[in-house]
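Throughout the sequence shown, residue numbering follows our numbering, covering 33 to 255 in sequence.
All C-beta atoms in this analysis are idealised placements derived from N, C-alpha and C, irrespective of residue type, glycine included.
Note that this is a predicted model, so its numbers are computed, not measured.
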Amino acid sequence: MAHTTVGSGVVAQPGATENQPGATENQPGRIVVLASGGGTNCQALIDACDDGDLDARVVAVITNRPGAGVIKRAEAADIACHVIEHAGSDPDVRHAADGRLIELLTSCEPDLVVLAGWMRILGSKVGAAFPMINLHPAQPGEFPGIRSIERAYEAWVAGEIDESGVMVHWVPDEGVDVGPVILTETVPFVVGDSLDDFASRLHATEHRLIVAGAAMALGGPRP
């Protein structure tokens, strides 16, 4: 059975103060989404804002891939979408891309930056500059980096685990898929699961938790 856990990285408090992200009394929270892929998690945030389930609005989407599906989702929702490309691992190139990203994020004035399938390691200055959360398709400390879903499935097939999960956490200055946990939920494997079966259930969990995690982050101080 799946279970949801509220992490120690959030302290639920209504409203917002000078030192914490969130909606003010008269204005919804301003969210900027960073995404590299199809954008289904970004869509979950957009829909939640439109439906009134999240007291916020997505004011901009940023991607590092010119052909990313999230671009069309942003266009369909009439949300500004920006592409910041980078290639290779050259430190100077990555540093320059981080600088452009900081400038762009600053201009968007976000209350919260949400990494929703963002497939690029950010420099420490980016993580330190803005309240930022990340959605990771695994439990805390498990399967960091790429192919988390596939690696979890392979571990289940090998008899090493019987469940995986989803985590929403604050983005620290350094590290990959680590940081104070806001919310987690387990996703058990089922006998006969194919990779697609498991991935479908996990993605559905992601779509719920990214909304719940954003709401909690907007309502509490950044650790």
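- Beta-bridge analysis with DSSP links Leu-66 to Ile-94, Leu-147.
- Of all alpha-carbon atoms in Asn-166, Asp-79, Leu-136, His-239, the one lying nearest the alpha-carbon of Leu-147 is that of Asn-166.
- Contact between Asp-82 and Leu-250 fails: their C-beta atoms lie close to 16 Å from each other, not under 8 Å.
- Annotation: the continuous alpha helix (DSSP H) that includes Ala-161 extends over 156 to 161.
- With a 10 Å radius around the Cβ and a threshold of 16 neighbouring Cβ atoms, Ser-232 comes out exposed.
- Membership of Glu-174 in any alpha helix (DSSP H) is not indicated, and neither H nor E is assigned to it by DSSP.
- Within 10 angstroms of the beta-carbon of Arg-62 lie 16 or more other beta-carbons, which makes it buried.
- In the structure shown, the three-state DSSP call for Ala-244 is helix.
- When C-beta atoms of the stretch 104 to 120 are compared with those of the stretch 180 to 199, fewer than three pairs fall below 8 Å, so the two segments do not count as touching.
- For Ile-78, the enclosing alpha helix (DSSP H) starts and ends at 72 to 83.
- In chain order, Gly-101, Val-102 place their CB closer than 7 Å to the CB of Gly-70, counting only its own chain and leaving out the 5 sequence neighbours on each side.
- For Lys-157, the closest alpha carbon among the candidates Thr-95, Val-65, Thr-138 is that of Thr-138.
- Buried is the label assigned to Glu-238, since at least 16 other Cβ atoms lie within 10 Å of its Cβ.
- Nearest C-alpha to Gln-171 among Ala-244, Phe-162, Ile-193: Ile-193.
- Contact between Ala-112 and Ile-242 is ruled out by a C-beta separation of about 20 Å, above the 8 Å threshold.
- According to the DSSP assignment, Gly-224 belongs to no beta strand (DSSP E), since it is labelled neither H nor E.
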